[in-house]
Amino acid sequence: GAGVSQTPSNKVTEKGKYVELRCDPISGHTALYWYRQSLGQGPEFLIYFQGTGAADDSGLPNDRFFAVRPEGSVSTLKIQRTERGDSAVYLCASSLGRMTPLHFGNGTRLTVT
Amino acid sequence: GQQLNQSPQSMFIQEGEDVSMNCTSSSIFNTWLWYKQDPGEGPVLLIALYKAGELTSNGRLTAQFGITRKDSFLNISASIPSDVGIYFCAGWGTPGGSQGNLIFGKGTKLSVKP
């Protein structure tokens, strides 16, 4: 597709469960980012990949959060033992490379009950 | 850490009016980006600014990168109903900061004047 694709668009899970969120970036974009957006706030950085490696994971809130990008394209954000405070919209973005504008997907709305 | 402050937080527009919003920081930013977000969608890039003093237009939108590198403004001329939404400024800080960590303001929400 032409843009960043995120699946699922909505995810409802029970507290304590494990979830995976998927991101398919724009073809040819080497950089991939995960952000989290709470209601009324701007997106907050979680992790950034350059190719297959996580170049900066300083935004991950704790060790329940993990992300992979094994082949340098699709990425999966994984959240273990979900908590109600994890409820938010998780946005994925990609860019051509260093310091180039990010292009965002429509996000996955995660609700933890 | 570095923060971006956007003002106003919200504003009402009447069709045909010009709109102005700005973004400030206590520290220097090397790049300013302006995004618009509609409900249920991700932010969409409007304008990117790379040099201090740069003035860039995109249709009815005009944005400027402040000379001090600590601020930017976005103007919308002759607003139309589809301009409603949330506008975010974003930027990368000074060298040494993470290139992955694009910092966002909290947004300016544009609504239609009742």
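If you read the protein sequences in the order shown, they are chains C and H. Each residue of the first sequence is one higher than the last, beginning at 381 in my numbering. Each residue of the second sequence is one higher than the last, beginning at 364 in my numbering. All residues carry an ideal CB built from backbone N, CA and C; glycine is no exception.
| Check | Outcome |
| --- | --- |
| According to DSSP, residues forming a beta bridge with H:Y413 | Paired residues: none, contrary to the question. |
| Inter-stretch contact at 8 Å, needing at least 3 Cβ pairs: the stretch 399 to 408 of chain C / the stretch 432 to 444 of chain C | no |
| Distance, H:Y398 Cα to C:F425 Cα | 16 Å |
| Chain H contact residues for C:N486, given Cβ-Cβ distances below 8 Å | G403, E404 and G405 |
| DSSP state of H:Q381 mapped onto helix, strand, coil | This sequence places Asp at residue 381 of chain H; Gln is not what is there. H:D381: coil per DSSP, three-state reduction. |
| Contact check, C:C472 vs C:G452, beta carbons under 8 Å | no |
| Beta bridge counterpart(s) of C:R489 as assigned by DSSP | C:N390 and C:V469 |
| Any chain H beta carbon closer than 8 Å to C:G439 | yes |
| H:L465 versus C:W414 - alpha carbon distance | 11 Å |
| Per-residue burial, C:T488 [other beta carbons within 10 Å of its own, 16 or more giving buried] | buried |
| Proximity below 8 Å, CB of H:Q369 to CB of H:G470 | yes |
| C:E400, enclosing beta strand (DSSP E) - first and last residue | V399 to D404 |
| Outcome for H:A426 when other beta-carbon atoms lying within 10 angstroms are tallied against a minimum of 16 | buried |
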